Amino acid sequence: MSQVREYRMLIDGAWLPAEDGAIIESVNPSDNRIWATFPSASAADVDRAVRAAHHAMYDGPWSRLTATERGKLLYRLADLLSENAGQLADVETKDTGKLPRETLSQIRYVAEYIRYFAGCADKLEGATLPIDKQEMFVMTTREQIGVVAAVIPWNSQLMLTAVKLGPALAAGNAIVIKASEHAPAPLLEFGRLCGEAGFPPGIINIVTGVGNPCGQTLTSHPLVARIAFTGGTSAARQVIRNSAENFASVSLELGGKSPIIVFDDADLDNAVNAILAGNFGASGQSCVAGSRVFIQAGVFEEVIARVAARAREIKIGDPLAEATEMGPLATKDQRDKIETVLASSVEAGAKLVTGGRRPQGVDAGFYFEPTVLVCADADTPAARTELFGPVLCAFRFDDESDVIARANDSEFGLAAGVFTRDVARAMRVMKRVRSGIVWINTYRAVSPMAPFGGFKSSGYGREAGQESLLEYTRTKTVWLNTSSGLMGDPFTMR
Ligand code: NDP
């Protein structure tokens with residue numbers, strides 16, 4: 000037990016335990032051993048964090064910084080992230096089981112997201128309006144929105160935090176981040192760097208705890224003005240209900256069941272690679288997993304055979320081993336869920352081409368084989384449920400309009416992949432697919448400049464890009480009377 004790391008949470012610049020001493024134990028998913036403990040925040044802890052943020056934002060030194068100075072602090076944070084990427088990546092690997100090559104490249108890119116928003120800080124402009132009244136000068140200013148509540152799931156925590164914290168702080172807000180109970184360690188290490196970067200106490204707070212009371216108290220808190228949530232649909236519904244308490248504006252980045260559509264004229268090497276990346280990268284634990292794969296009849300057998308052959312070769316094991324290509328799933332519950340849904344799918348008639356089991360020889364962790372299912376029926380449980388694991392459901396299709404209807408037959412609409420050499424067809428399909436992101440002849444590409452978000456049950460609001468910055472501001476309209484006369488009749492509207 001002596002090697003278990005004890006983390007604390009960051010409230011008002013201090014590293015604190017929960018006021019009642021409650022803790023959560025965090026398990027390393029590669030060996031099922033407890034490796035760290037975290038405070039389990041009570042409602043009182045969360046209240047303290049939100050009040051600290053509110054005070055720091057409106058009354059502390061932060062409120063007197065220029066936008067350029069805020070940007071400089073963000074640049075400093077980005078540099079610290081770059082310098083400490085290796086150490087942060089190690090911690091994320093321990094907490095989530097993701098491969099260091101994934102965590103390291105992602106954290107390096109997180110620094111670029113922060114740099115992007117650092118550059119935006121002093122480019123938020125208002126407007127002067129050509130108003131339809133004599134002797135009035137009217138302008139708008141963009142003001143910070145207020146305390147931001149950021150709710151983060153266990154996967155890609157730093158990236159999902161950067162797309163909330165970056166615009167929030169660039170616009171002059173303070174933030175309270177709720178880390179996932181399953182893997183909060185990388186965020187707490189990140190909090191240490193925020194202190195080093197020189198952000199005033201209370202501007203960045205990080206609380207650790209369970210959905211209720213920690214997330215519940217945070218998202219319904221009367222001093223919270225904006226909620227930026229990433230997670231599943233069930234917690235998202237609760238968050239929307241909570242926002243009825245504080246009228247906070249809400250953005251939701253939720254799950255997906257994204258289609259990858261492969262036409263028979265596609266570059267098949269590229270398409271096969273995308274299917275692998277979209278389903279087995281990060282062990283399939285990605286909101287944009289392309290887990291419904293539609294393959295045109297002429298190339299169906301070939302694509303399935305090639306994907307299955309490569310899936311069988313994937314090296315599963317200790318994420319720290321150099322040769323490993325797929326680590327464990329982050330939690331035991333996830334593996335249990337996948338096994339249950341797979342069993343019912345096979346029972347319902349889906350054909351298991353490869354995978355579907357726990358791999359041999361790695362018994363201690365939460366490992367699962369890369370799995371390819373061929374489904375005839377869109378209602379196959381594995382084809383409807385977001386599994387967040389290395390399982391793809393393949394479907395055969397004949398023509399373009401048929402596949403578009405089938406691709407859209409999902410409650411989700413986060414992403415889609417289209418593989419074809421026919422540009423006109425690619426653009427037709429892009430236009431008719433109802434999803435927030437369409438990748439054509441590529442998959443899982445992201446950038447700080449490119450808005451990210453979904454349609455339908457995949458949520459609303461966008462993260463990254465200029466559009467997201469505005470969601471952390473509100474407009475103030477200023478009317479200036481340029482006449483020196485009286486206002487006129489007090490009983491009529493001007
Ligand atoms: P959950 O929805 O279970 O949890 C997300 C976060 O919400 C956690 O911090 C959780 O707390 C918290 N939470 C739970 N209940 C409440 C509540 N009542 N009020 C406020 N917060 C609450 O999702 P997972 O952690 O399992 O993450 C996986 C999901 O996230 C998938 O659906 C995935 O697709 C989605 N996701 C979406 C992305 C996107 O950008 N679109 C990116 C990555 C993931 P805790 O778990 O600590 O109890």
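Under numbering that gives the first Met the number 0, the sequence shown has 231 at position 232, and the numbering climbs by one with no breaks.
For each residue, glycine too, the CB sits at the ideal point set by N, CA and C.
Remember, predicted model here, so these are calculated numbers, not experimental data.
For a test of your reading of the model: does the CB of residue i fall under 6 Å from any non-hydrogen atom of the ligand NDP? Yes or no.
i, result
"Gln215", "yes"
"Glu24", "no"
"Ser179", "yes"
"Thr218", "yes"
"Pro152", "yes"
"Asn204", "no"
"Gln237", "yes"
"Thr494", "Residue 494 lies beyond the residue range present for the chain, which begins at 0 and ends at 493; the question has no answer from this structure."
"Glu252", "yes"
"Thr229", "yes"
"Val390", "no"
"Ala234", "yes"
"Asn211", "yes"
"Cys193", "no"
Count the other CB atoms, across all protein chains shown, that sit within 10 Å of the CB of residue i; report buried if there are 16 or more and exposed otherwise.
i, result
"Thr491", "exposed"
"Ser1", "Its pLDDT being 47, under 50, Ser1 is placed unreliably in this model, and the coordinates cannot settle the point."
"Trp478", "exposed"
"Ala304", "exposed"
"Ala13", "exposed"
"Ser559", "This structure leaves residue 559 out entirely; the chain is present only between 0 and 493."
"Met56", "buried"
"Ser400", "exposed"
"Arg236", "exposed"
"Ile337", "buried"
"Ala247", "buried"
"Val428", "buried"
"Asp268", "exposed"
"Pro447", "buried"
Would you list the residues sitting across from residue i in a DSSP beta bridge?
i, result
"Phe454", "Gly412"
"Trp478", "Val137"
"Met325", "Ile315"
"Ala320", "According to DSSP, which records beta bridges pairwise, Ala320 is partnered with nothing at all."
"Lys350", "Val373"
"Arg32", "Asn27"
"Ile436", "Ala414"
"Val146", "Val223"
"Leu469", "None; Leu469 has no bridge partner."
"Ile337", "According to DSSP, Ile337 bridges with nothing at all."
"Thr229", "Glu252"
Assuming contact is defined by CB atoms lying nearer than 7 Å, are residue i and residue j in contact in what I supplied?
i, j, result
"Ala381", "Ser409", "no"
"Pro327", "Arg291", "no"
"Phe116", "Pro185", "no"
"Thr139", "Thr472", "no"
"Gly197", "Leu275", "no"
"Glu180", "Ile23", "yes"
"Asp266", "Val298", "no"
"Gly85", "Glu252", "no"
"Ile226", "Leu9", "no"
"Trp61", "Ala329", "no"
* Asked: At which residue ranges does the segment 163-213 contain complete beta strand (DSSP E) runs of 3 or more residues, listed in the order of the chain?
  -> Complete beta strand (DSSP E) runs here, min 3: 174-178 and 203-207.
* To do: Quick one: which unbroken alpha helix (DSSP H) runs of 4-plus residues sit fully inside the segment 240-323? Chain order, please.
  => 267-279 and 299-312
* Jot down the residue ranges of each uninterrupted alpha helix (DSSP H) in the segment 28-113, minimum 4 residues, whole runs only, in chain order. => 42-58, 66-82 and 84-95
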